[in-house]
Amino acid sequence: MASGVESRPYMDKVSELRKKFLDKHYASDKNYYDSRDISRVKSDDLFVQQFLVGRDGNVDKAQKLMMEALKWRKEFGINGIKTLNLCFQA
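Just so you know, we're using UniProt numbering here: the sequence shown kicks off at 1 and counts up by one.
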């Protein structure tokens with residue numbers, strides 16, 4: 001059976017990524033980010049971890065990915081999408 005650490009790669013880098021993103025990007029560009037996403041960055045380790053997984057644990061690359069993804073999420077109003085807003089075609 002795998003331990004929690006093995007099944008959650010890069011968890012040891014989550015705090016570092018969180019701090020770098022908040023200090024470098026969010027502190028200087030608050031208007032580019034949705035406050036709900038920033039709350040997740042501050043409190044949800046697994047949310048932050050996914051950016052590390054997507055960049056093989058490289059904190060600098062994960063920081064860039066996080067910046068781009070969260071800006072995109074705000075630009076397209078991702079947090080405002082509800083199931084009722086979606087149109088499905090048969």
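Beta carbons: idealized from backbone N, C-alpha and C, even for Gly.
Requested in this report: Could you check which residue in G80, I81, M67, S39 has the C-alpha nearest to that of K20?
Outcome: With distances taken between Cα atoms, K20 lies closest to M67.
Query raised in the report: Rounded to the nearest angstrom, how far is the Cβ of L17 from that of F51, given a contact under 8 Å?
Result: Contact between L17 and F51 holds, with the beta-carbon distance rounding to 7 Å and staying under 8 Å.
Requested in this report: Can you tell me which of the three DSSP states I81 falls into?
Outcome: In the three-state reduction of the DSSP assignment, I81 falls in the coil class, being assigned neither a helical nor a strand state.
Requested in this report: Within its chain, find whatever has a CB closer than 6 Å to the CB of F47; leave out the 5 residues flanking it on each side and keep chain order.
Outcome: Closer than 6 Å at Cβ, skipping near neighbours: R40.
Query raised in the report: Can you tell me the Cα-Cα spacing of S35 and Q49, whole angstroms?
Result: S35 and Q49: Cα-Cα distance of roughly 19 Å.
Query raised in the report: Looking at the unbroken alpha helix (DSSP H) that takes in residue 91, where does it start and where does it end?
Result: Lying outside 1 to 90, the shown extent of the chain, residue 91 is not represented and no answer is given.
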